[in-house]
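Trainee: Just so you know, we're using UniProt numbering here: the sequence shown kicks off at 1 and counts up by one. Please see the structure below; I have some questions.
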Amino acid sequence: MKPIIMAGGTGSRLWPKSRAAFPKQFLSLTSEHSMLQDTLTRLNGLAHDAPVFVCNEAHRFIVAEQLLQAGIHHDGILLEPVGRNTAPAIALAALHATQKGEDPILLVLAADHLIENIPAFYQAISQAEQLARQNKLVTFGIVPTCAHTGYGYIRRGDAIQSSDGFAVAEFVEKPNLNTAEQYLASGAYLWNSGMFMFKASRYLQELEQHAPEIVDICRQAIASESQDLDFVRVDSDIFAACPSDSIDYAVMEKTDAAAVVPMDAGWSDVGSWSSLWEVQKKDAKGNVVRGDAILENVHNSYVNAEQRLIALVGIDNVVVVETKDAILVAHKDQVQDIKKVVDKLKAKKRPEFEFHREVFRPWGSYDSLDQGSRFQVKRICVKPGEKLSVQMHHHRAEHWIVVAGTARVSCDEQTFLLTENESTYIPIGAVHSLENPGKIPLELIEVQSGSYVGEDDIVRFSDRYGRTEQKEG
């Protein structure tokens with residue numbers, strides 16, 4: 001069995017914690033680890049091969065760093081040059097997994113789901129594996145606990161002999177409340193979890209029958225794959241021509257081999273702040289509180305404070321989330337409209353829709369502390385042994401002040417070391433680089449000044465992370 005971890009996402013439903021550049025699978029929302037890391041450690045009790053990951057190009061270094069932190073060995077991080085939904089993404093993973101002549105059973109999981117009952121999760125996987133060996137395409141149907149209108153549903157068909165699975169009679173879209181209540185009362189419907197299990201070859205076979213253009217383009221794209229550090233790159237021009245379609249529409253709703261295994265394992269896709277409130281431990285007044293908060297006469301609310309004290313008085317059923325650069329206040333019953341806020345931020349080209357104030361890079365991170373029309377102040381942290389690209393700026397000069405650790409600085413023809421309380425000046429147009437040669441993190445304050453201080457004012461000459469042609473910090 002080979003896990004395929006789908007680690008894409010747009011970061012809109014759990015804003016402001018989740019952003020386009022740092023969506024929810026990379027956040028610590030339900031434990032001290034990220035949701036991606038929890039997805040992987042959840043598999044520790046199963047016999048499985050090294051997992052394959054599929055993620056957005058822009059998230060590749062975050063995935064690699066979180067796997068390194070968790071000590072996870074993998075069989076490739078496949079990069080999608082553009083998002084084309086789940087059917088092509090799983091096709092790439094299936095083609096990658098069969099390149100050596102093997103035909104593993106694929107366990108396709110989202111990186112951002114919560115599962116509380118691990119033994120029940122294992123039991124459902126064992127049942128699904130039996131069906132997958134019989135050439136079934138298996139999906140996991142969640143035993144519903146309420147008339148939820150935010151999930152698609154699966155109607156069970158006939159029981160499959162010698163198994164705990166059922167034929168899939170029908171996939172149905174997200175229902176209205178009245179219809180959802182009928183589904184729940186009938187006992188014949190399950191929530192569509194978006195998790196699957198099947199032989200790699202069987203999926204490709206069904207995809208070839210029902211969506212031949214997808215599998216044809218994916219084969220062409222992966223035929224010229226290349227290795228870049230931990231990442232597997234496919235041909236971007238070819239893949240961009242692939243139709244965008246979900247596995248449900250492309251295969252599962254059309255195949256005669258679809259089966260569903262019921263799972264009652266405390267599952268949630270944590271698709272909103274209200275659903276996160278539902279699955280978290282609450283105090284005596286029904287509140288979930290993370291961070292520094294004082295509540296007076298507050299009930300059934302979710303409060304998440306990242307930096308500052310939050311004080312709430314006399315309100316019920318609200319969500320309050322505070323980050324370094326944004327605060328969300330919403331009624332718990334209307335959190336689905338947060339996406340409209342994100343759309344407005346995007347339309348206004350505000351950075352808050354995409355980035356946190358603190359931005360993570362393969363070498364470390366930077367935090368924008370202050371900014372004006374002709375200046376910006378950053379706190380930069382460089383991990384031991386890491387180095388920023390050799391670069392130049394057309395419109396800004398930089399002052400660097402080391403506050404912890406040791407920096408190796410190159411500026412035009414000079415290379416020198418800076419230690420705590422020492423500083424240097426990088427003029428406009430100077431070719432420069434910054435490296436941490438030490439054993440502890442390097443922390444410095446950078447003061448940028450000039451006519452333009454945007455992140456795209458950068459020319460890279462060399463970069464150990466393969467970013468010389470990309471505009472990222």
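Where a beta carbon is used, it is the ideal one built from N, C-alpha and C, also for glycine.
Excluding sequence positions up to five away, which residues of its chain have a Cβ less than 7 Å from the Cβ of A94?
Mentor: Numbered from its first residue, the sequence shown carries residue 94 at position 94. Contacts found: L106, A200, Y203 and L204.
Trainee: Determine the extent of the alpha helix (DSSP H) in which L312 is found, giving its start and end residues.
Mentor: Taking the sequence shown and counting its residues from 1, the one referred to as residue 312 is at position 312. DSSP places L312 outside any alpha helix (DSSP H); the residue lies instead in the beta strand (DSSP E), whose first and last residues are I310 to V313.
Trainee: In terms of DSSP beta bridges, what is A159 paired with?
Mentor: In the sequence shown, counting from the first residue as 1, residue 159 sits at position 159. In the DSSP output, where bridge partners are listed per residue, A159 has F166.
Trainee: Can you tell me whether Q134 is helix, strand or coil according to DSSP?
Mentor: Numbered from its first residue, the sequence shown carries residue 134 at position 134. Three-state DSSP puts Q134 in coil, outside helix and strand.
Trainee: Can you tell me whether T10 is helix, strand or coil according to DSSP?
Mentor: The residue given as residue 10 occupies position 10 in the sequence shown. Correct three-state label for T10: coil.
Trainee: DSSP on W273, reduced to helix/strand/coil?
Mentor: Position 273 of the sequence shown holds residue 273. W273 falls in the helix class under three-state DSSP.
Trainee: Distance, Cα to Cα, I238 vs V320?
Mentor: For the purposes of this step, residue 238 is identified with residue 238 of the sequence shown, where counting begins at 1. For the purposes of this step, residue 320 is identified with residue 320 of the sequence shown, where counting begins at 1. Cα to Cα, I238 sits roughly 44 Å from V320.
Trainee: Quick check on the burial criterion: 16 or more other C-beta atoms within 10 angstroms. Buried or exposed for D245?
Mentor: Counting from 1 along the sequence shown, the entry for residue 245 is found at position 245. For D245, the number of other beta carbons within 10 angstroms of its own is at least 16, and it is reported as buried.
Trainee: Straight-line CA distance for I5 to P23?
Mentor: If you number the sequence shown from 1, residue 5 lands on position 5. If you number the sequence shown from 1, residue 23 lands on position 23. Taking the Cα positions, I5 is about 15 Å away from P23.
Trainee: In the DSSP assignment, the alpha helix (DSSP H) including Q209 goes from what residue to what residue?
Mentor: Counting from 1 along the sequence shown, the entry for residue 209 is found at position 209. Note, Q209: alpha helix (DSSP H), A200 to H210.
Trainee: Using a Cβ-Cβ cutoff of less than 8 Å, which residues in the same chain neighbour A124 once the five nearest sequence positions on both sides are dropped?
Mentor: As a first step, residue 124 must be located in the sequence shown, where it is residue number 124. Hits under 8 Å: F140, V261, P262, M263 and A265.
Trainee: By DSSP, does D228 sit in helix, in strand, or in coil?
Mentor: Taking the sequence shown and counting its residues from 1, the one referred to as residue 228 is at position 228. In this structure, D228 counts as strand in the three-state DSSP scheme.
Trainee: Please specify which runs of the alpha helix (DSSP H), each continuous and at least 4 residues long, are wholly inside the stretch 75-157, giving them in chain order.
Mentor: 86-97 and 118-132
Trainee: Please name the residue or residues paired with G364 in a DSSP beta bridge.
Mentor: Taking the first residue of the sequence shown as position 1, residue 364 is located at position 364. According to DSSP, which records beta bridges pairwise, G364 is partnered with R361 and V382.
Trainee: I need the boundaries of the alpha helix (DSSP H) containing residue 475, first residue and last residue.
Mentor: Residue 475 lies beyond the range of the chain shown here (1 to 473); nothing can be said about it.
Trainee: By DSSP's criteria, R396 is part of a beta bridge. Which residues make up the other side?
Mentor: Your numbering for residue 396 matches position 396 in the sequence shown. Bridge partners of R396: G450.
Trainee: In whole angstroms, what is the alpha-carbon distance linking Y465 and V409?
Mentor: Position 465 of the sequence shown, counting from 1, holds the residue named residue 465. Position 409 of the sequence shown, counting from 1, holds the residue named residue 409. If you take the alpha carbons of Y465 and V409, they lie about 18 Å apart.
Trainee: At which residues does the beta strand (DSSP E) containing M263 begin and terminate?
Mentor: Position 263 of the sequence shown, counted from the start, is the residue given in the question as residue 263. From DSSP, the beta strand (DSSP E) with M263 extends over A258 to M263.
Trainee: Given G473, which residues of its chain have a CB within under 8 Å of its CB, disregarding the five upstream and five downstream residues?
Mentor: Position 473 of the sequence shown holds residue 473. Note that G473 scores a pLDDT of 42, beneath 50, so its modelled location is shaky and nothing firm can be said.
Trainee: Kindly identify the DSSP beta-bridge partner or partners of S18.
Mentor: Counting from 1 along the sequence shown, the entry for residue 18 is found at position 18. According to DSSP, S18 bridges with nothing at all.
Trainee: So H395 packs on G450, CB below 8 Å; how close in whole Å?
Mentor: The residue labelled residue 395 in the question sits at position 395 within the sequence shown. The residue labelled residue 450 in the question sits at position 450 within the sequence shown. Their Cβ separation, rounded to whole angstroms, is 5 Å, which keeps H395 and G450 in contact under 8 Å.
Trainee: What is the rounded straight-line gap between the Cα of K471 and the Cα of A58?
Mentor: Taking the first residue of the sequence shown as position 1, residue 471 is located at position 471. Taking the first residue of the sequence shown as position 1, residue 58 is located at position 58. Reliability of the predicted coordinates at K471 is poor, the pLDDT of 40 falling under 50, and the value obtained from them is presented with this limitation in mind. K471 and A58: Cα-Cα distance of roughly 11 Å.
Trainee: Let me check one thing: in DSSP terms, what residues is H331 bridge-paired to?
Mentor: What you label residue 331 is simply residue 331 of the sequence shown in a count that begins at 1. In DSSP, H331 forms a bridge with V318.
Trainee: Less than 8 Å between the C-beta atoms of L78 and V318, yes or no?
Mentor: Position 78 of the sequence shown, counted from the first residue, corresponds to residue 78. Position 318 of the sequence shown, counted from the first residue, corresponds to residue 318. Taking 8 Å as the Cβ cut-off, L78 and V318 do not qualify as a contacting pair.
Trainee: Among the residues of its own chain, which have a CB less than 7 Å from the CB of R156, if the five just before and after it don't count?
Mentor: What you label residue 156 is simply residue 156 of the sequence shown in a count that begins at 1. For R156, where only same-chain residues beyond five positions count, the Cβ hits under 7 Å are F166, A169, A188, L190 and V260.
Trainee: Excluding the 5 residues flanking residue 488 on each side, which residues of the same chain have their C-beta closer than 8 Å to its C-beta?
Mentor: Limits of the chain in this structure are 1 at one end and 473 at the other, which puts residue 488 out of reach.
Trainee: Is it the case that the CB of R19 approaches a heavy atom of the ligand SAH more closely than 7 Å?
Mentor: As for the ligand SAH, it is missing from this structure, which has no ligand bound.
Trainee: How should H113 be labelled, buried or exposed, when 16 other C-beta atoms within 10 angstroms of its C-beta is the threshold for buried?
Mentor: For this step, residue 113 is matched to residue 113 along the sequence shown. It counts as buried.
Trainee: Measuring straight from C-alpha to C-alpha, what distance separates residue 482 and I115?
Mentor: The requested residue 482 is not part of the displayed model; the chain covers only 1 to 473.
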